[in-house]
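All remarks here apply to the structure that follows.
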């Protein structure tokens with residue numbers, strides 16, 4: 001045996017981590033890694049290497065006496081998946097099943113064959129540390145072989161929905177991020193339209209419940225980023241997303257200003273280039289621009305600036321501008337912008353100036369008052385002079 005293998009049992013985390021990096025690099029190019037590592041084997045090749053090393057990893061997972069042993073064994077299994085990518089044979093079933101069992105244990109469900117692991121999970125933090133690692137591995141398998149029978153069966157959907165229903169799990173941003181990544185890759189891999197609609201409806205219901213919970217801004221932003229990706233997918237963006245729009249509408253009036261700000265920026269992302277018809281259609285169908293417009297009078301200056309900046313981004317989009325004109329928001333917006341040039345916060349004044357420039361360059365300033373006398377509600381020489389002499393560098 002190569003002398004580096006026993007180092008996987010080292011008490012030093014950095015040594016174990018570095019060794020796994022070395023093995024990952026080796027597995028990416030070596031056609032007979034067992035020979036290189038000096039491990040006894042009868043059949044050379046990548047398939048035999050994957051079988052031998054994955055079985056060793058899973059054996060250690062079942063017999064782990066400490067959390068370090070358990071996480072190292074799981075990380076080794078993740079490294080061995082590099083070999084799985086290089087083979088055409090379907091050898092992932094056993095690994096997938098043990099990962100599913102680990103998810104169940106992390107969600108505090110009994111599992112007779114892995115009871116020893118349950119005793120290692122003494123806190124929610126420990127459970128989530130393991131859970132986010134396991135979900136990431138399941139996602140890796142989904143990417144390697146999205147058409148695997150295990151992945152297309154009900155058990156895979158159950159994993160996703162159980163995690164999204166567990167408050168101690170989804171309130172951990174690491175777990176939420178990995179679970180949403182798995183959801184995205186799973187939905188994208190489903191070819192059957194009926195199965196796609198079924199999972200999406202269940203997932204949407206779970207996500208809406210999460211959104212109505214008291215999420216912090218980081219978790220809410222992670223969720224919105226995933227929604228942005230899903231809405232851009234042809235098969236998903238065309239589905240009924242009314243529940244999402246209803247839940248999002250409540251966030252525009254959330255008591256936390258950073259939540260309101262995140263909701264506004266999400267609407268702005270829907271109009272960013274490259275333009276996606278499904279994202280724009282979602283925004284316009286559910287009248288999200290009008291809710292953004294209402295936020296230009298928000299008590300929080302950051303939210304006011306974000307609302308004005310997002311409205312400017314909508315102006316650049318053809319569909320966004322047509323919607324603004326159709327709902328007569330353009331006249332109201334143009335008439336109200338000059339007053340924000342007198343805002344006490346520099347970033348609000350800057351966002352307002354950018355919006356006015358956008359109107360002048362790309363669209364219409366109809367409705368914006370221009371006067372000679374000093375006024376807070378019009379463009380006039382006095383306000384322009386104040387902008388030129390603005391002491392704030394922003």
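In UniProt numbering, the protein residues as written are 1 to 394. Where a beta carbon is used, it is the ideal one built from N, C-alpha and C, also for glycine. These numbers come from a predicted model, not from an experiment.
Quiz item: By how many angstroms is the C-alpha of residue 324 removed from the C-alpha of residue 185?
Solution: Spanning the two alpha carbons is a distance of roughly 35 Å.
Self-check item: Length of the line joining the Cα atoms of residue 282 and residue 174
Solution: If you take the alpha carbons of residue 282 and residue 174, they lie about 28 Å apart.
Quiz item: Excluding sequence positions up to five away, which residues of its chain have a Cβ less than 6 Å from the Cβ of residue 358?
Solution: Counting only residues of its own chain and dropping the five nearest sequence neighbours on each side, residue 358 has a CB closer than 6 Å to the CB of 312 and 315.
Exercise. List the endpoints of the continuous alpha helix (DSSP H) containing residue 265.
Key: Per DSSP, the unbroken alpha helix (DSSP H) holding residue 265 starts and ends at 257 to 269.
Self-check item: DSSP three-state assignment for residue 24, whether helix, strand or coil
Solution: Annotated three-state conformation of residue 24 is helix, per DSSP.
Exercise. Keeping to the same chain, check which residues put their C-beta closer than 7 Å to that of residue 133; ignore five residues upstream and five downstream.
Key: Once the five neighbours on either side are set aside, the close Cβ partners of residue 133 are 71 and 74.
Quiz prompt | Rounded straight-line distance, which links the Cα of residue 228 to that of residue 161 | solution = Taking the straight line from one Cα to the other gives about 20 Å.
Quiz prompt | N- and C-terminal bounds of the alpha helix (DSSP H) containing residue 53 | solution = For residue 53, the enclosing alpha helix (DSSP H) begins and ends at 46 to 63.
Quiz item: Can you tell me where the alpha helix (DSSP H) with residue 321 in it begins and where it stops?
Solution: DSSP places residue 321 in the uninterrupted alpha helix (DSSP H) bounded by 318 to 326.
Exercise. Find out if the Cβ-Cβ distance for the pair residue 106, residue 136 is shorter than 8 Å.
Key: If you check the CB distance, residue 106 and residue 136 do not come in under 8 Å.
Quiz item: For the 8 Å Cβ check, are there 3 or more pairs between the segment 36 to 56 and the segment 109 to 119?
Solution: Contact between the segment 36 to 56 and the segment 109 to 119 is absent: fewer than 3 CB-CB pairs across the two stretches fall below 8 Å.
Quiz prompt | Selection from 155, 172 and 147 that minimises the alpha carbon distance to residue 129 | solution = Residue 129 has its Cα closest to that of 172, out of 155, 172 and 147.
Self-check item: Where the alpha helix (DSSP H) containing residue 361 begins and where it ends
Solution: Segment 346 to 362, the alpha helix (DSSP H) holding residue 361.
Quiz item: Nearest-angstrom Cα distance between residue 352 and residue 338?
Solution: Approximately 8 Å between the Cα atoms of the pair.
Quiz prompt | Reference residue 238; option with closest CA among 247, 259, 279 and 253 | solution = Out of 247, 259, 279 and 253, 279 has the C-alpha closest to the C-alpha of residue 238.
Self-check item: Top-ranked residue by Cα proximity to residue 241, from 138, 284, 43 and 13
Solution: Among 138, 284, 43 and 13, the Cα nearest to that of residue 241 belongs to 284.
Quiz prompt | Residues of its chain near residue 23, where Cβ-Cβ distance is below 6 Å and the 5 sequence neighbours each way are ignored | solution = By the criterion of a C-beta distance shorter than 6 Å, residue 23 is surrounded in its chain by 79, once the five residues flanking it on both sides are discounted.
Quiz prompt | Close beta carbons around residue 303, own chain, < 6 Å, minus the five adjacent residues each side | solution = So the list reads 257, 260, 261 and 295, once near-sequence residues are dropped.
Quiz prompt | Of the residues 212, 318, 206 and 192, the one placed nearest residue 252, counting alpha carbons only | solution = Nearest in C-alpha terms to residue 252, of all of 212, 318, 206 and 192, is 212.
Quiz item: Quick one: what's got a C-beta closer than 7 Å to residue 15's C-beta in the same chain, skipping five residues either side?
Solution: Here the set comprises 7.
Practice problem: Could you have a look at residue 380 and say whether DSSP puts it in helix, strand or coil? | Solution: Summary for residue 380: the model assigns pLDDT 49, below 50, so the residue's position carries little reliability; its value from the coordinates is reported in the next sentence. Correct three-state label for residue 380: coil.
Quiz prompt | For residue 300, the first and last residue of its enclosing alpha helix (DSSP H) | solution = Per DSSP, residue 300 belongs to no alpha helix (DSSP H) and is neither H nor E.
Quiz item: Would residue 250 be called buried (16 or more neighbouring beta carbons within 10 Å of its own) or exposed?
Solution: Here residue 250 is exposed, its C-beta having fewer than 16 other C-beta atoms within 10 Å.
Quiz item: If you draw a straight line from the alpha carbon of residue 167 to that of residue 272, how long is it in whole angstroms?
Solution: Approximately 33 Å between the Cα atoms of the pair.
Practice problem: Count the other CB atoms, across all protein chains shown, that sit within 10 Å of the CB of residue 35; report buried if there are 16 or more and exposed otherwise. | Solution: Burial call: exposed.
Quiz item: For residue 231, which residues from the same chain have a beta carbon less than 6 Å from its beta carbon, with the 5 sequence-adjacent residues on both sides left out?
Solution: Excluding the 5 residues flanking it on each side, residue 231 has same chain C-beta neighbours closer than 6 Å at 237, 278, 279 and 282, in chain order.
Quiz item: So what's residue 243 in DSSP terms, helix, strand or just coil?
Solution: Three-state result, residue 243: helix.
Quiz item: Would you report the Cα separation of residue 196 and residue 163, rounded to the nearest angstrom?
Solution: For residue 196 and residue 163, the distance between alpha carbons rounds to 19 Å.
Quiz item: When the distance is taken between beta carbons, is residue 266 closer than 8 Å to residue 305?
Solution: Their beta carbons are not under 8 Å apart, which means residue 305 does not touch residue 266 by this criterion.
Practice problem: In the DSSP assignment, find the unbroken alpha helix (DSSP H) run with residue 276 in it and report its ends. | Solution: Per DSSP, residue 276 belongs to no alpha helix (DSSP H) and is neither H nor E.
Practice problem: Inspect the beta-carbon positions of residue 290 and residue 327 and report whether they are closer than 8 Å. | Solution: Yes, the pair counts as a contact, with Cβ atoms nearer than the cut-off.
Practice problem: Throw me the rounded Cβ distance for the residue 176 and residue 222 pair, which I believe falls under 8 Å. | Solution: Rounded, the Cβ-Cβ distance is 6 Å, consistent with contact.
Quiz item: How would you label residue 97, buried or exposed, when you count the other beta carbons within 10 angstroms and need 16 or more for buried?
Solution: So residue 97 ends up on the exposed side.
Self-check item: Proximal residues to residue 103 (C-beta, below 6 Å), its chain only, five neighbours per side dropped
Solution: Contacts found: 134 and 159.
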